[in-house]
Amino acid sequence: MDRFYNAPGDVVDDILYAAAATAPLRVAEPDSGLRILVRSDWDKHAQGRRQVAVLSGGGAGHEPAHAGYIGEGMLTGAISGSLFASPSVEAVLAAIREVCGDAGCLLVVKNYTGDRLNFGLAAERARSEGLNVAMVIVADDVAIENAPQPRGIAGTVLVHKLSGYLASQATPLDTIRERAGALCRQMASLGMALSAAAQPGQDAAARSPELGLGIHNETGTREVDPKSADDAMTLVLDPLHNALADRQLAGPWIAMLNDLGSCSTQEMGVLAASLLRQLGIDQVAHLIGPAPLMTSLDMHGFSLTLLPADDDIVTALSAPTSAPGWPGLRAIQTPAHFSPDTRQDHEALVEDAPQDATTAAALQRIIDALRQSRKELDALDAKSGDGDAGASMQSGADAIARALQAGRLNTAALPQLFAGIGQLLARDMGGSSGVLLSILFTTAGSSLDRRGELANALAAGVEKMQAYGGAGLGDRTMLDALIPAIESLQRGESLTQAAQAARDGAQATAALTRANAGRSAYVPESALKGIVDPGAEAVARVFEALAREQ
Numbered sequence: 001m002d003r004f005y006n007a008p009g010d011v012v013d014d015i016l017y018a019a020a021a022t023a024p025l026r027v028a029e030p031d032s033g034l035r036i037l038v039r040s041d042w043d044k045h046a047q048g049r050r051q052v053a054v055l056s057g058g059g060a061g062h063e064p065a066h067a068g069y070i071g072e073g074m075l076t077g078a079i080s081g082s083l084f085a086s087p088s089v090e091a092v093l094a095a096i097r098e099v100c101g102d103a104g105c106l107l108v109v110k111n112y113t114g115d116r117l118n119f120g121l122a123a124e125r126a127r128s129e130g131l132n133v134a135m136v137i138v139a140d141d142v143a144i145e146n147a148p149q150p151r152g153i154a155g156t157v158l159v160h161k162l163s164g165y166l167a168s169q170a171t172p173l174d175t176i177r178e179r180a181g182a183l184c185r186q187m188a189s190l191g192m193a194l195s196a197a198a199q200p201g202q203d204a205a206a207r208s209p210e211l212g213l214g215i216h217n218e219t220g221t222r223e224v225d226p227k228s229a230d231d232a233m234t235l236v237l238d239p240l241h242n243a244l245a246d247r248q249l250a251g252p253w254i255a256m257l258n259d260l261g262s263c264s265t266q267e268m269g270v271l272a273a274s275l276l277r278q279l280g281i282d283q284v285a286h287l288i289g290p291a292p293l294m295t296s297l298d299m300h301g302f303s304l305t306l307l308p309a310d311d312d313i314v315t316a317l318s319a320p321t322s323a324p325g326w327p328g329l330r331a332i333q334t335p336a337h338f339s340p341d342t343r344q345d346h347e348a349l350v351e352d353a354p355q356d357a358t359t360a361a362a363l364q365r366i367i368d369a370l371r372q373s374r375k376e377l378d379a380l381d382a383k384s385g386d387g388d389a390g391a392s393m394q395s396g397a398d399a400i401a402r403a404l405q406a407g408r409l410n411t412a413a414l415p416q417l418f419a420g421i422g423q424l425l426a427r428d429m430g431g432s433s434g435v436l437l438s439i440l441f442t443t444a445g446s447s448l449d450r451r452g453e454l455a456n457a458l459a460a461g462v463e464k465m466q467a468y469g470g471a472g473l474g475d476r477t478m479l480d481a482l483i484p485a486i487e488s489l490q491r492g493e494s495l496t497q498a499a500q501a502a503r504d505g506a507q508a509t510a511a512l513t514r515a516n517a518g519r520s521a522y523v524p525e526s527a528l529k530g531i532v533d534p535g536a537e538a539v540a541r542v543f544e545a546l547a548r549e550q
């Protein structure tokens with residue numbers, strides 16, 4: 001099992017069941033075989049009902065479209081087909097009959113042959129019954145230049161919002177249709193994906209990254225090879241710019257950034273930042289998303305929709321709605337900055353700090369050792385944690401290296417040196433290792449100020465680490481190497497002997513299958529067997545670097 005589905009044939013009904021159970025909706029009787037959802041508060045026979053009903057729909061697999069957009073100020077109802085398949089004429093007609101009152105009904109239809117035919121025939125049959133029905137066809141995709149029938153993709157959601165807002169203002173049907181049609185001519189959308197979608201019960205097709213994929217998993221217009229999120233955004237933005245320029249449309253823009261299915265929140269955040277940088281923050285008046293708005297099952301990609309930020313459109317898109325899938329419209333502004341107060345009670349980092357060549361050289365050996373060990377420490381951590389131990393250690397080493405190169409670390413006096421390292425690690429290393437090592441050096445520096453005994457000062461630092469961190473010897477942490485090394489120094493032994501004690505302690509962690517502290521405490525014992533703790537390994541390498549020049 002690699003996806004959370006039950007039987008492939010049950011996916012759509014499960015989705016609609018959950019939607020109907022968690023929102024104020026009425027749903028067609030399951031025995032009818034029709035997949036229709038309607039606002040529970042909608043009554044076409046209500047006296048004085050002057051609102052146009054707005055319906056949309058299409059194949060499933062695009063969630064939250066279309067059921068997620070049912071609500072006051074947006075859709076009156078939605079009709080779902082099977083995955084990537086248009087609903088039937090009978091389903092659309094039944095939905096029209098359910099919601100269409102004297103004010104009429106607008107159908108918002110994506111420009112796919114199946115949708116046009118089924119919704120179109122249903123509209124004709126409804127009109128023959130005396131119902132006032134209009135239809136707007138959305139064709140916002142610019143993937144295929146000069147396409148006779150551009151596809152309707154994510155921009156359809158904006159037509160839902162505009163039409164629903166106008167309907168809530170008791171706008172006549174013909175006016176809503178005209179305004180919705182004008183919006184369709186003003187916007188353009190384009191998507192790209194690193195991998196295609198997989199139908200439930202099937203494997204995804206092996207395809208290269210593509211630009212201009214359809215939301216039904218259609219092959220893109222061309223293969224692409226983006227090397228970064230910035231590259232991907234450029235590939236999408238350039239054709240959009242050209243298409244809108246051909247229509248003589250210009251910004252500032254409303255931008256809608258849509259997750260096509262399986263992009264992480266972090267990926268979409270990076271793409272949003274790239275969009276703002278490339279388009280220019282002064283050219284993006286408002287942003288919708290990043291969010292899943294018109295998805296394609298689990299397609300790993302995104303789409304971007306742009307349209308001019310006209311006042312009437314901003315008003316409509318900003319208006320409140322109870323539709324659960326609508327993420328809202330957010331104004332964009334240049335971020336305001338402030339200067340964080342990073343003052344220290346006793347600033348240990350100073351300009352032109354006194355230097356000792358021997359101490360500085362020892363410190364450089366430690367920095368080099370941690371930098372060179374990054375990949376190996378990350379690999380160790382990946383077996384029992386999140387794979388960033390080496391990166392964390394290197395970030396601390398890099399911070400010390402910058403201060404050392406700038407002459408801000410006092411290498412001539414250990415109390416000030418340790419205090420400075422403690423400040424650097426607290427600020428730049430991050431994570432539990434960073435703060436614990438900062439505690440070690442800060443406490444050791446204070447102890448050296450009072451007593452001047454290095455081994456005992458380090459032992460005092462370890463005591464504070466244990467008090468705040470909760471770990472002890474044998475708990476599979478860096479302390480399993482650090483404590484034996486410091487105890488060796490307390491016995492008056494050499495750095496070489498202390499380094500061997502640290503190495504022996506680190507190696508012993510491979511036999512410890514139960515961790516009582518640190519990140520390893522959160523993983524199964526089976527994942528720890530035979531694996532050296534990366535923190536202990538880092539400590540052993542530090543002591544080995546110190547002992548190397550003795």
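Numbering (my numbering), first residue to last: 1 to 550. Virtual Cβ for every residue (Gly too), placed ideally from N, Cα, C. All figures in this text were calculated on a predicted structure; none of them were measured in a lab.
For Thr221, the number of other beta carbons within 10 angstroms of its own is at least 16, and it is reported as buried. Around the beta-carbon of Thr305, 16 or more other beta-carbon atoms lie within 10 Å, marking it buried.
Around the CB of Tyr165, 16 or more other CB atoms lie within 10 Å, so the residue is classed as buried. The DSSP-derived three-state label of His300 is strand. For Ala103, same chain residues with a beta-carbon under 7 Å away, outside a window of 5 residues either side, are Arg49, Arg50, Gln51, Val52 and Leu173 in chain order.
Here Lys110 is buried: its Cβ has 16 or more other Cβ atoms, across all protein chains shown, within 10 Å. Counting only residues of its own chain and dropping the five nearest sequence neighbours on each side, Leu287 has a CB closer than 6 Å to the CB of Ala255, Arg330 and Ile332. In the displayed model, Asn258 falls within a strand according to three-state DSSP.
For Leu276, the uninterrupted alpha helix (DSSP H) segment begins and ends at Thr265 to Leu279. Segment contact: the segment 6–16 against the segment 194–212, three or more CB-CB distances shorter than 8 Å; contact assigned.
Inclusion of Arg35 and Ile79 in the CB contact set at 8 Å is warranted, their separation being smaller than that value.
Exposed is the label assigned to Pro30, since fewer than 16 other Cβ atoms lie within 10 Å of its Cβ. Taking Arg116 as the centre and dropping the five residues before and after it, the same chain places the C-beta of Val109 and Ile137 closer than 7 Å to its C-beta, in chain order. The C-beta of His45 has fewer than 16 other C-beta atoms within 10 Å across all chains shown, which makes the residue exposed. In this structure Ala498 is in contact with Ala485, their Cβ atoms being roughly 4 Å apart against a cut-off of 8 Å.
Look at Cys184 here: in three-state DSSP terms it is helix. Non-local C-beta neighbours of Ser318 in its own chain, meaning closer than 6 Å and more than five positions away in sequence, comprise Leu329, ordered along the chain. The Cβ atoms of Asp140 and Met192 do not sit closer than 8 Å to each other. Selection Gly152, Arg185, Ala360 and Arg503 evaluated against Asp246 yields Arg185 as nearest (Cα-Cα). Ranking Ser82, Gly130, Ala399 and Val54 by CA distance to the CA of Ala95 puts Val54 first. In this structure, the beta-carbon distance from Val539 to Leu380 does not fall below 8 Å. Taking each of Pro252, Gly71, Leu190 and Ile215 in turn and checking the Cα distance to Ala232, the smallest one comes out for Leu190. Unbroken beta strand (DSSP E) runs of no fewer than 3 residues, entirely contained in the segment 114–151, are found at 133–138, following chain order. For His286, the uninterrupted beta strand (DSSP E) run begins and ends at Val284 to Ala291, by DSSP. Between the alpha carbons of Leu279 and Ala323 lies a distance of about 29 Å. Here Asp2 is exposed. Its C-beta has fewer than 16 other C-beta atoms within 10 Å. When the Cα atoms are used, Leu448 and Ile366 turn out to be separated by approximately 21 Å. Per DSSP, reduced to three states, the secondary structure at Pro534 is helical. At least 8 Å separates the beta-carbon of Ala444 from that of Ala426. Contact annotation: the segment 82–96 does not touch the segment 262–275, with fewer than three C-beta pairs closer than 8 Å. The three-state reading of DSSP puts Met429 in coil, since its state is none of H, G, I, E or B.
In the DSSP assignment, Ala19 falls within the alpha helix (DSSP H) that extends over Val11 to Ala21. In the same chain as Ala167, and ignoring 5 residues on each side of it, the C-beta atoms closer than 7 Å to its own belong to Gln51, Val52, Val54 and Ile176, in chain order. Residue pairing by DSSP places Lys110 opposite Val138 in a beta bridge.
Beta-bridge partners of Glu210 (DSSP): Ala193 and Glu223. Between His160 and Ser56, the C-beta spacing is below 8 Å.
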